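S.K.: Residue numbers for the sequence shown, in the numbering used here: 1 to 637.
Mind having a look at this structure? Questions to follow.
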Amino acid sequence: MHTLLSKSNSFRNPTFTSLRSSNSFHTRLWNSTPSTSISSNTNISHGSPQDLSNSTSSSGCSGIRHFSHNSSFSVFQNGFKRIFSSGHCLNSVILRNFDGERSGTLKNQIFGTQSRSVCTEPDRESIEYDVVIVGAGPAGLSAAIRLKQLCREKDVDLSVCVVEKGAEVGAHIISGNVFEPRALDELLPQWKQEESPISVPVSSDKFWFLTKNRALSFPCPFDNKGNYVISLSQLVRWMGAKAEELGVEIYPGFAASEILYDANDFVVGIGTNDMGIAKDGSKKENFQRGVELKGRITLLSEGCRGSLSEKIIKKYKLREKEQSQHQTYALGIKEVWEIDEGKHKPGFVLHTMGWPLDRKTYGGSFMYHMNDRQVSIGLVVALNYHNPFLNPYEEFQKLKHHPAIKPMLEGGTVLQYGARTLNEGGFQSIPYPVFPGGAIIGCSAGFLNVPKIKGTHTAMKSGMLAAEAAFNVLHEGLNMETYWDNLKNSWIWKELYEARNYRPAFEYGLVPGLAISAIEHYILKGKFPFTLKHGKPDHEATNVAELHQQIHYPKPDGVLSFDVPTSLHRSNTNHEHDQPAHLRLRDPKIPELVNLPEYAGPESRYCPARVYEYNPDENGQVKLQINAQNCLHCKVS
Numbered sequence: 001m002h003t004l005l006s007k008s009n010s011f012r013n014p015t016f017t018s019l020r021s022s023n024s025f026h027t028r029l030w031n032s033t034p035s036t037s038i039s040s041n042t043n044i045s046h047g048s049p050q051d052l053s054n055s056t057s058s059s060g061c062s063g064i065r066h067f068s069h070n071s072s073f074s075v076f077q078n079g080f081k082r083i084f085s086s087g088h089c090l091n092s093v094i095l096r097n098f099d100g101e102r103s104g105t106l107k108n109q110i111f112g113t114q115s116r117s118v119c120t121e122p123d124r125e126s127i128e129y130d131v132v133i134v135g136a137g138p139a140g141l142s143a144a145i146r147l148k149q150l151c152r153e154k155d156v157d158l159s160v161c162v163v164e165k166g167a168e169v170g171a172h173i174i175s176g177n178v179f180e181p182r183a184l185d186e187l188l189p190q191w192k193q194e195e196s197p198i199s200v201p202v203s204s205d206k207f208w209f210l211t212k213n214r215a216l217s218f219p220c221p222f223d224n225k226g227n228y229v230i231s232l233s234q235l236v237r238w239m240g241a242k243a244e245e246l247g248v249e250i251y252p253g254f255a256a257s258e259i260l261y262d263a264n265d266f267v268v269g270i271g272t273n274d275m276g277i278a279k280d281g282s283k284k285e286n287f288q289r290g291v292e293l294k295g296r297i298t299l300l301s302e303g304c305r306g307s308l309s310e311k312i313i314k315k316y317k318l319r320e321k322e323q324s325q326h327q328t329y330a331l332g333i334k335e336v337w338e339i340d341e342g343k344h345k346p347g348f349v350l351h352t353m354g355w356p357l358d359r360k361t362y363g364g365s366f367m368y369h370m371n372d373r374q375v376s377i378g379l380v381v382a383l384n385y386h387n388p389f390l391n392p393y394e395e396f397q398k399l400k401h402h403p404a405i406k407p408m409l410e411g412g413t414v415l416q417y418g419a420r421t422l423n424e425g426g427f428q429s430i431p432y433p434v435f436p437g438g439a440i441i442g443c444s445a446g447f448l449n450v451p452k453i454k455g456t457h458t459a460m461k462s463g464m465l466a467a468e469a470a471f472n473v474l475h476e477g478l479n480m481e482t483y484w485d486n487l488k489n490s491w492i493w494k495e496l497y498e499a500r501n502y503r504p505a506f507e508y509g510l511v512p513g514l515a516i517s518a519i520e521h522y523i524l525k526g527k528f529p530f531t532l533k534h535g536k537p538d539h540e541a542t543n544v545a546e547l548h549q550q551i552h553y554p555k556p557d558g559v560l561s562f563d564v565p566t567s568l569h570r571s572n573t574n575h576e577h578d579q580p581a582h583l584r585l586r587d588p589k590i591p592e593l594v595n596l597p598e599y600a601g602p603e604s605r606y607c608p609a610r611v612y613e614y615n616p617d618e619n620g621q622v623k624l625q626i627n628a629q630n631c632l633h634c635k636v637s
């Protein structure tokens, strides 16, 4: 099957259930003293505009200062008066130029904060930091926190910015995670005393093999003793607050849309999306140019299949550099339920394999009992499945009707729905993570431990290691390659090496895969004398439709199983109608000439949000329709 699509892509009073954020940041311009050289450094904050001045400094730069939190969005320009939008209330930090020396920095003390200067290009603001981090997930925030910890330890002043596409930190992370606190113990050793949202230890750990009507209990291979059932979105919000306390600046609500390069192809930062563009590409009344966030070091922590990370991997041939294999993926579909008090067992963890998937399709389900009668349930389906008629969303709906699963959900209510791709390539698929000007961290690089079904702890550790390398680059003049060296000497490398043969073992089918992985896990303890290779890339593994029979799925009952529109309503997906589609066909001819006639249009089934549909046009010819407004940003295509 041909590859079809490409995706373009203040915690001042935090709580564990919600945090306010804004879709804009405001900067405040006023008279400033002349600076010795032009600088692009700025302080940016949430705030209400007050007493805007009409002048800039003699260097052409303008001072910026903090104001009180305000979640309103505004764009105002009148002569030198200007408020430009960004995404968060930012802390004030003195920045350095790329030569490492302080230059052109204003040090006015206003309301107890420092200020710095800003220069703007005619069409786009440019702001400079020492380190720019893309993605406020576990890896990105761990990197930011570790950088600021090192600054305090060494009495060094480095500016750190995190840009996050979600409207708030944690907005794009659906609840439900079995969390291994190993990396957090290293990063924030006092987390248990600091009111973290980690309070439900694993109390029961079960593993079932499902047939259509039975659940067979197997020895549990996951070893979740000492782990916790958490809401990952609450954890990253808490980590975001910790990062801000240390002086990290966070911009939620802004997607990094492009990599910035210098004349030598060295990465020097990222650019954010332009806002206020209509569906036809024209500029609306509220149009605003994106912002350039420039960094001496750029760390990419976008998660699985991050668009910028994938471009960097391809541009610098990072897989070829380490002769790593292609990445393999799975799609995880998840719901959060509120169930009856009598059925709720905080800390109960269940994983399954087998039904409803066929014997040639790798995958399994999970159920985690969290706090407050909430249960996270989901199905993970490897995307190298053979049958083009397979529909992961419908397989998940079937799962909930299994005789061993159904009683736990009956009488409950669905609170949330979401989906996300997962890296499953493991050790064999890790690319060289360092590029000129930065590094790739977390799931963007693919540190998920497949047999554990955990990647948060490895993502956090990779962020910490990258932060330490970045600090040494900026403070001691070392190079970023130390990140790669330290990664290979860390417990991440040991853990992923020992788990390297689990996923490729299932290339031989379900039963052989279980046998090989059991020998590897229980007998050889990860010391298999050779390393198994992955099979074909996922999109090449799909068979043509004529080799398979169509799968007829039961209609949803509206109690345990639901149609896609109902689930989308629970996903809080919200795309403005009058905006450019973020999904674009690489080749508009492929759907009608290849995917539909040869593979029966699998994109209409593998998408968990019904983004792709084949409908007849006015001439009766079947055409692919893209419903971009439905997109869950799962990155499956």
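Every residue, glycine too, gets a C-beta built ideally from N, C-alpha and C.
Nothing here was measured: the structure is a model prediction, and the numbers come from that model.
For residue 391, which residues of its own chain have a beta-carbon under 8 Å away from its beta-carbon, when the five flanking residues on both sides are left out?
M.R.: As a first step, residue 391 must be located in the sequence shown, where it is residue number 391. The residues are 551, 553, 605, 606.
S.K.: Quick one: grab the DSSP three-state call for residue 440.
M.R.: By one-based count along the sequence shown, residue 440 stands at place 440. Strand at residue 440.
S.K.: Would you list, in sequence order, the uninterrupted alpha helix (DSSP H) runs of no fewer than 4 residues that lie entirely inside the segment 152-221?
M.R.: Within the segment 152-221, the complete alpha helix (DSSP H) runs of at least 4 residues are 182-187.
S.K.: Can you say whether residue 419 is buried or exposed, counting buried as having 16 or more other CB atoms within 10 angstroms of its CB?
M.R.: In the sequence shown, counting from the first residue as 1, residue 419 sits at position 419. By the neighbour-count rule (16 or more Cβ atoms within 10 Å), residue 419 is buried.
S.K.: So what does DSSP say about residue 567, is it helix, strand or coil?
M.R.: As a first step, residue 567 must be located in the sequence shown, where it is residue number 567. In this structure, residue 567 counts as helix in the three-state DSSP scheme.
S.K.: Using only alpha-carbon positions, find the residue among 274, 342, 548, 416 that is nearest to residue 580.
M.R.: Stepping through the sequence shown from its first residue, residue 580 is reached at position 580. Ranking the options by Cα distance to residue 580, first place goes to 274.
S.K.: I need the straight-line Cα distance from residue 157 to residue 151, nearest angstrom please.
M.R.: In the sequence shown, counting from the first residue as 1, residue 157 sits at position 157. In the sequence shown, counting from the first residue as 1, residue 151 sits at position 151. Looking at the two C-alpha atoms, the distance is approximately 6 Å.
S.K.: Using the rule of at least 16 other Cβ atoms within 10 Å of the residue's Cβ for burial, across every protein chain shown, is residue 32 buried or exposed?
M.R.: Taking the sequence shown and counting its residues from 1, one reaches residue 32 at position 32. Any reading at residue 32 must be qualified, since the residue scores a pLDDT of 29, below 50, and its modelled position is unreliable; the value itself is stated next. So residue 32 counts as buried.
S.K.: Inspect the CB distances between the segment 302-322 and the segment 341-350 and report whether three or more fall short of 8 Å.
M.R.: As far as the Cβ criterion goes, the segment 302-322 does not touch the segment 341-350, which means the pair count is below three.
S.K.: Alpha carbon to alpha carbon, what distance is there between residue 460 and residue 318?
M.R.: By one-based count along the sequence shown, residue 318 stands at place 318. By one-based count along the sequence shown, residue 460 stands at place 460. Residue 318 and residue 460: Cα-Cα distance of roughly 21 Å.
S.K.: Given that a residue counts as buried once 16 or more other Cβ atoms are within 10 Å of its Cβ, and exposed if not, what is residue 247?
M.R.: Translated into positions along the sequence shown, residue 247 becomes position 247. Buried, since its Cβ has 16 or more Cβ neighbours within 10 Å.
S.K.: Between the C-alpha atoms of residue 371 and residue 435, what's the straight-line distance to the nearest angstrom?
M.R.: On the sequence shown, residue 371 is found 371 positions in, with the first residue counted as 1. On the sequence shown, residue 435 is found 435 positions in, with the first residue counted as 1. Roughly 42 Å between the two C-alpha positions.
S.K.: Counting only C-beta atoms, is residue 503 closer than 7 Å to chain C at any point?
M.R.: The chain labelled as chain C is not found in the depicted structure, where only one protein chain is given.
S.K.: Throw me the rounded Cβ distance for the residue 649 and residue 603 pair, which I believe falls under 8 Å.
M.R.: Past the boundaries of the shown model lies residue 649; the chain is included only from 1 to 637, so the question cannot be answered.
S.K.: Reducing DSSP to helix, strand and coil, say where residue 561 ends up.
M.R.: As a first step, residue 561 is located in the sequence shown; it is residue number 561 there, counting from the start. Three-state result, residue 561: coil.
S.K.: Determine the direct distance from the alpha carbon of residue 455 to that of residue 425, and round the result to whole angstroms.
M.R.: Locating residue 425 in the sequence shown gives position 425, counting from the first residue. Locating residue 455 in the sequence shown gives position 455, counting from the first residue. Approximately 12 Å, taken between the alpha carbons.
S.K.: Would you kindly check if the distance between the Cβ of residue 164 and the Cβ of residue 252 is under 7 Å?
M.R.: On the sequence shown, position 252 is the one that residue 252 refers to. On the sequence shown, position 164 is the one that residue 164 refers to. Yes, they are a contact pair.
S.K.: For residue 448, does the three-state DSSP call read helix, strand or coil?
M.R.: By 1-based counting over the sequence shown, the position of residue 448 is 448. Residue state, collapsed to three classes: coil.
S.K.: For my contact list, residue 221 and residue 209 are in at a C-beta cut-off of 8 Å; report their separation, rounded to the angstrom.
M.R.: Start at 1 with the first residue of the sequence shown, and residue 221 comes out as number 221. Start at 1 with the first residue of the sequence shown, and residue 209 comes out as number 209. 12 Å between Cβ atoms; not a contact.
S.K.: For the segment 527-538 against the segment 373-389, do three or more pairs of beta-carbon atoms, one drawn from each stretch, fall closer than 8 Å, so that the two count as touching?
M.R.: Contact holds: three or more Cβ-Cβ distances are below 8 Å.
S.K.: Give the straight-line distance between the Cα atoms of residue 340 and residue 296, rounded to the nearest whole angstrom.
M.R.: To locate residue 340, count along the sequence shown from 1; it is residue 340. To locate residue 296, count along the sequence shown from 1; it is residue 296. Residue 340 and residue 296: Cα-Cα distance of roughly 52 Å.
S.K.: Could you round the C-beta distance between residue 270 and residue 134 to whole angstroms and report it? I think they count as a contact, below 8 Å.
M.R.: Locating residue 270 in the sequence shown gives position 270, counting from the first residue. Locating residue 134 in the sequence shown gives position 134, counting from the first residue. That pair is a contact at about 6 Å.
S.K.: Alpha carbon to alpha carbon, how far is residue 203 from residue 289?
M.R.: As a working note, residue 203 is residue 203 in the sequence shown. As a working note, residue 289 is residue 289 in the sequence shown. Answer to the nearest angstrom: the Cα atoms are 51 Å apart.
S.K.: Could you say which of 308, 303, 359, 287 lies nearest to residue 211 if we only look at CA atoms?
M.R.: Here residue 211 corresponds to residue number 211 of the sequence shown, with the count starting at 1. When each option's Cα is compared against that of residue 211, the closest is 359.
S.K.: When the Cβ atoms of the segment 301-310 are set against those of the segment 401-408, are three or more pairs found closer than 8 Å?
M.R.: Touching, no.
S.K.: Give me the Cβ distance between residue 337 and residue 414, rounded to the nearest whole Å; I'm assuming they're in contact under 8 Å.
M.R.: As a first step, residue 337 must be located in the sequence shown, where it is residue number 337. As a first step, residue 414 must be located in the sequence shown, where it is residue number 414. The Cβ separation is near 6 Å, so the contact holds.
S.K.: Less than 7 Å separating the beta-carbons of residue 548 and residue 325?
M.R.: Numbered from its first residue, the sequence shown carries residue 548 at position 548. Numbered from its first residue, the sequence shown carries residue 325 at position 325. No. Outside cutoff.
S.K.: Would a C-beta distance cut-off of 7 Å place residue 467 and residue 182 closer than the cut-off?
M.R.: Counted from its first residue, the sequence shown places residue 467 at position 467. Counted from its first residue, the sequence shown places residue 182 at position 182. No.
S.K.: Given residue 562, which residues of its chain have a CB within under 6 Å of its CB, disregarding the five upstream and five downstream residues?
M.R.: If you number the sequence shown from 1, residue 562 lands on position 562. For residue 562, where only same-chain residues beyond five positions count, the Cβ hits under 6 Å are 556.
S.K.: Less than 7 Å separating the beta-carbons of residue 235 and residue 197?
M.R.: As a working note, residue 235 is residue 235 in the sequence shown. As a working note, residue 197 is residue 197 in the sequence shown. Taking 7 Å as the Cβ cut-off, residue 235 and residue 197 qualify as a contacting pair.
S.K.: Our contact map puts residue 583 next to residue 622 with C-beta atoms below 8 Å; I'd like the distance itself, whole angstroms only.
M.R.: Taking the first residue of the sequence shown as 1, we reach residue 583 at position 583. Taking the first residue of the sequence shown as 1, we reach residue 622 at position 622. About 19 Å; that fails the 8 Å criterion.
S.K.: So for residue 551, helix, strand or coil by DSSP?
M.R.: Taking the first residue of the sequence shown as 1, we reach residue 551 at position 551. Coil.
S.K.: How is residue 514 classed by DSSP in three states: helix, strand or coil?
M.R.: To locate residue 514, count along the sequence shown from 1; it is residue 514. If DSSP states are grouped into helix, strand and coil, residue 514 belongs with the helices.
S.K.: By alpha-carbon positions, which one of 303, 262, 231, 457 ends up nearest to residue 185?
M.R.: Within the sequence shown, numbered from 1, the residue matching residue 185 stands at position 185. That would be 457, whose Cα lies nearest to the Cα of residue 185.
S.K.: What number of angstroms, rounded off, separates the C-alpha of residue 328 from the C-alpha of residue 423?
M.R.: Residue numbering aside, residue 328 sits at position 328 when the sequence shown is read from its first letter. Residue numbering aside, residue 423 sits at position 423 when the sequence shown is read from its first letter. Computed Cα separation, rounded: 6 Å.
S.K.: Measure the C-alpha to C-alpha separation of residue 188 and residue 292 and round it to an integer number of angstroms.
M.R.: Numbered from 1 along the sequence shown, position 188 holds the residue referred to as residue 188. Numbered from 1 along the sequence shown, position 292 holds the residue referred to as residue 292. Going by the C-alpha atoms only, they are around 31 Å apart.
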